[in-house]
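For what it's worth, the numbering used here labels the leading residue of the sequence shown as 355, then goes sequentially. This report concerns only the one structure given below.
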Amino acid sequence: MIDENTPLLHDDVESLQLPRPAYKAKEGLENVRMKDWILIAIISCSGFLNIFTAQSTILMLPAIGSTYSIPIHRQQLITSSYNIASGSLILLWARVADVYGSGLIFIVGSVIFTITSASLPVAPNEATLYVFRALQGMGTAAAMPSSIGILVATFPAGKRRNYALVLYNSISQLGSVLGNITGGVIGGYLSWHWVFWFAAIIGATVTVVAVQTIPWKGLRPKAPLAEVEKTLSVDWLGGLLVTASLTLLLVTVSSGASWTDVQTLLQLIAGLVLGYFFIRRQRKLEASCTQSPLFRLSLLSSSGLSPALFTYACFHASFNAFLVYASLFYQQYLGLSVLQTTLRFIPSGLSCCLIALFVGPALSRIPGFYLLIGAIFANITSALLFTLPISPSTSYWAYGFPAMCLTISIEFQAPVLSLFVVKCLDQNNQAIGGGLLQTSNNL
Numbered sequence: 355m356i357d358e359n360t361p362l363l364h365d366d367v368e369s370l371q372l373p374r375p376a377y378k379a380k381e382g383l384e385n386v387r388m389k390d391w392i393l394i395a396i397i398s399c400s401g402f403l404n405i406f407t408a409q410s411t412i413l414m415l416p417a418i419g420s421t422y423s424i425p426i427h428r429q430q431l432i433t434s435s436y437n438i439a440s441g442s443l444i445l446l447w448a449r450v451a452d453v454y455g456s457g458l459i460f461i462v463g464s465v466i467f468t469i470t471s472a473s474l475p476v477a478p479n480e481a482t483l484y485v486f487r488a489l490q491g492m493g494t495a496a497a498m499p500s501s502i503g504i505l506v507a508t509f510p511a512g513k514r515r516n517y518a519l520v521l522y523n524s525i526s527q528l529g530s531v532l533g534n535i536t537g538g539v540i541g542g543y544l545s546w547h548w549v550f551w552f553a554a555i556i557g558a559t560v561t562v563v564a565v566q567t568i569p570w571k572g573l574r575p576k577a578p579l580a581e582v583e584k585t586l587s588v589d590w591l592g593g594l595l596v597t598a599s600l601t602l603l604l605v606t607v608s609s610g611a612s613w614t615d616v617q618t619l620l621q622l623i624a625g626l627v628l629g630y631f632f633i634r635r636q637r638k639l640e641a642s643c644t645q646s647p648l649f650r651l652s653l654l655s656s657s658g659l660s661p662a663l664f665t666y667a668c669f670h671a672s673f674n675a676f677l678v679y680a681s682l683f684y685q686q687y688l689g690l691s692v693l694q695t696t697l698r699f700i701p702s703g704l705s706c707c708l709i710a711l712f713v714g715p716a717l718s719r720i721p722g723f724y725l726l727i728g729a730i731f732a733n734i735t736s737a738l739l740f741t742l743p744i745s746p747s748t749s750y751w752a753y754g755f756p757a758m759c760l761t762i763s764i765e766f767q768a769p770v771l772s773l774f775v776v777k778c779l780d781q782n783n784q785a786i787g788g789g790l791l792q793t794s795n796n797l
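Encoded structure:
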């Protein structure tokens with residue numbers, strides 16, 4: 355079994371699993387208080403809302419574009435503004451959460467998300483719509499990494515913490531598949547406004563309940579007295595550099611312009627240069643004793659964290675692309691309506707909801723390495739089924755149904771790699787770990 359203070363290296367991945375039920379009762383789930391279960395549910399809902407908001411908006415793009423007379427080539431900005439703000443700010447928010455307390459930053463992020471979600475349906479024009487979407491992304495950038503910090507600080511190392519993290523990731527990832535389904539139902543029976551009003555209602559509920567259930571004591575990071583001043587600091591200049599760098603890189607990728615375009619090349623070069631200065635500054639601060647860096651880059655080379663983040667990024671790039679292009683296949687190639695497309699995604703939502711109940715028990719019996727390999731192959735197979743030449747007359751049950759069922763891969767991949775990252779980082783960098791995972795997802 356993995357020691358809590360030992361980073362997981364390549365040989366340790368096979369042993370990544372939850373403690374078996376043979377442990378003492380005091381370490382088991384039977385002693386988890388109802389308040390703790392509510393906390394897990396509320397924190398998980400915030401993760402669910404982040405992914406749900408991103409996915410459900412995709413099906414609503416034509417309707418939103420029609421309302422604001424947005425041409426097709428600019429409609430991607432509705433999703434890009436959210437993703438760019440979330441992806442570029444998340445590392446800075448993660449460090450702020452580690453310094454000032456995950457609970458406080460979680461509430462701040464939830465409030466921002468709720469207010470902007472409620473404001474989006476009444477945005478007076480296209481420009482304001484993009485601003486509100488960016489602010490909504492900023493809210494999730496604050497709440498997402500703070501979630502990991504809250505769970506790690508609340509539950510001691512062992513079975514309860516592992517199960518809490520597994521439940522958090524399992525419920526959060528449901529947003530990927532349920533976002534398309536819910537967005538389709540809302541779009542078919544109501545208006546696109548209700549996608550954001552629904553998110554605002556859930557966000558407000560999460561905020562109110564979180565204030566009552568978050569264990570505020572002990573959420574501030576603990577450090578030896580000699581390092582308190584260094585530990586409790588935020589590298590604001592580093593945060594500005596990495597935020598600007600990620601913003602430029604994400605804008606470059608999201609713009610859809612030609613790579614030979616002068617503006618695209620200038621944005622790419624500027625983003626890479628700012629990224630270089632960020633890395634240089636972090637190395638300098640890590641070697642000094644005057645200030646803590648935004649993120650200790652040495653962790654990427656010494657703990658196996660880099661391969662885990664790379665795997666996480668590649669998996670989500672493939673998985674999210676599959677969901678988007680499957681939607682386009684049904685709507686644009688087959689000419690199906692939003693509701694008809696939604697019906698074809700229902701097996702994905704049902705299978706993921708069912709399998710989420712068994713992820714924890716599976717990790718207590720099967721090494722995480724094998725679950726991760728299985729999830730990767732399931733994800734690949736799901737996409738391959740859509741690469742085959744499919745005639746419009748081909749039955750949905752031949753290719754579409756098994757492809758949708760195989761989306762259960764996300765329910766195993768995210769918990770396994772999240773547990774890995776938590777094991778790699780110390781108590782004072784757990785929110786940064788959550789930020790790195792979310793940044794990998796956004797990239």
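The C-beta atom is built at its ideal place from N, Cα and C for all residues, glycine as well.
Are there 16 or more other CB atoms within 10 angstroms of the CB of residue i, so buried, or fewer, so exposed?
i    : result
L579 : A caution first: L579 carries a pLDDT of 38, below 50, which makes its placement in the model too unreliable to give a value.
Y687 : exposed
G493 : buried
T806 : Beyond the ends of the chain as shown, which are 355 and 797, falls residue 806; an answer cannot be given.
D452 : buried
C643 : exposed
A509 : The sequence shown places Phe at residue 509, not Ala. The residue is buried, with at least 16 neighbouring Cβ atoms inside 10 Å.
D589 : buried
L626 : exposed
K389 : exposed
V582 : Any reading at V582 needs caution, since the residue's pLDDT is 45, under 50, leaving its predicted position unreliable; the model's value is listed next. Counting Cβ neighbours within 10 Å, V582 comes out exposed, since fewer than 16 surround it.
T696 : buried
So, at 7 Å on beta carbons, what are the nonlocal neighbours of residue i in its own chain, with the 5 sequence-adjacent residues on each side left out?
i    : result
A729 : S763, F766, Q767
R637 : L651
G457 : I504, I568, W570, L573
I459 : W447, V450, A451, A496, S500
P475 : H547, F550, W551
S681 : I412, L413, N534, T695
I397 : S501, I504, L505, Y522
Return yes when at least one heavy atom of the ligand SAM lies under 8 Å from the C-beta of residue i, else no.
i    : result
G625 : Annotation note on the ligand SAM: not contained in the displayed structure, which lists no ligands.
Expressed to the nearest angstrom, what Euclidean distance is found between the alpha-carbon atoms of residue i and residue j?
i    : j    : result
L711 : Y543 : 30 Å
F699 : F406 : 14 Å
V353 : G593 : Within the shown structure, residues of the chain are numbered from 355 to 797, placing residue 353 beyond reach of any answer.
A558 : A518 : 22 Å
N437 : S747 : 36 Å
L619 : G629 : 15 Å
V678 : A737 : 11 Å
A497 : T741 : 37 Å
P661 : A667 : 10 Å
V485 : K513 : 42 Å
S434 : V605 : 8 Å
Q330 : P499 : Residue 330 lies beyond the range of the chain shown here (355 to 797); nothing can be said about it.
P721 : V775 : 16 Å
Y753 : L739 : 6 Å
C706 : P478 : 38 Å
H427 : A624 : 25 Å
V565 : I461 : 7 Å
V692 : G658 : 43 Å
R515 : I392 : 14 Å
R635 : H670 : 29 Å
Taking the alpha carbon of residue i as the reference point, which residue from the options has its own alpha carbon closest?
i    : options                : result
G538 : R487, W751, Q694       : Q694
L488 : L458, I633, S440, T411 : A quick correction: the sequence has Ala, not Leu, at residue 488. Selected option, being the one with the closest Cα: S440.
L704 : I466, S398, T536       : T536
L600 : L622, T614, G658, R514 : L622
F550 : R428, L483, L697       : L483
Q430 : E480, G714, S442       : E480
G401 : R428, Y522, Q566       : Y522
A598 : I392, L443, D390, L393 : L443
N795 : L779, C778, S772       : S772
N733 : L725, S672, L403       : S672
I540 : A417, H670, L726, T665 : A417
Q645 : A680, F664, L591       : L591
S587 : S423, Y684, Y454, S398 : Y454
C399 : P756, S464, L663       : S464
Q409 : Q617, I394, Y422, I432 : I432
So, at 6 Å on beta carbons, what are the nonlocal neighbours of residue i in its own chain, with the 5 sequence-adjacent residues on each side left out?
i    : result
V596 : L445, F632
G491 : Y436, A439, S440
V367 : The pLDDT assigned to V367 is 45, lower than 50, so where the model puts this residue is not dependable; a value taken from the coordinates is nonetheless given after this. Correct list, in chain order: F723.
G714 : Y517, V520
K380 : Per-residue confidence for K380 stands at a pLDDT of 44, beneath the threshold of 50, marking its modelled position as unreliable; the derived number appears in the next sentence. Cβ neighbours of K380 beyond the five flanking positions: none.
L779 : G787
Spatial neighbours of residue i within its chain, please: CB distance less than 8 Å, with the 5 preceding and 5 following residues excluded, ordered by chain position.
i    : result
E640 : P647, R650, L651, S652
Would you say the stretch 464–481 touches the stretch 516–527, given that touching needs at least three Cβ pairs under 8 Å?
no
Quick test of the definition: if touching needs 3 or more C-beta pairs under 8 Å, does the stretch 546–558 touch the stretch 413–420?
yes
Any chance the stretch 737–746 sits against the stretch 555–569, with 3 or more Cβ pairs inside 8 Å?
no
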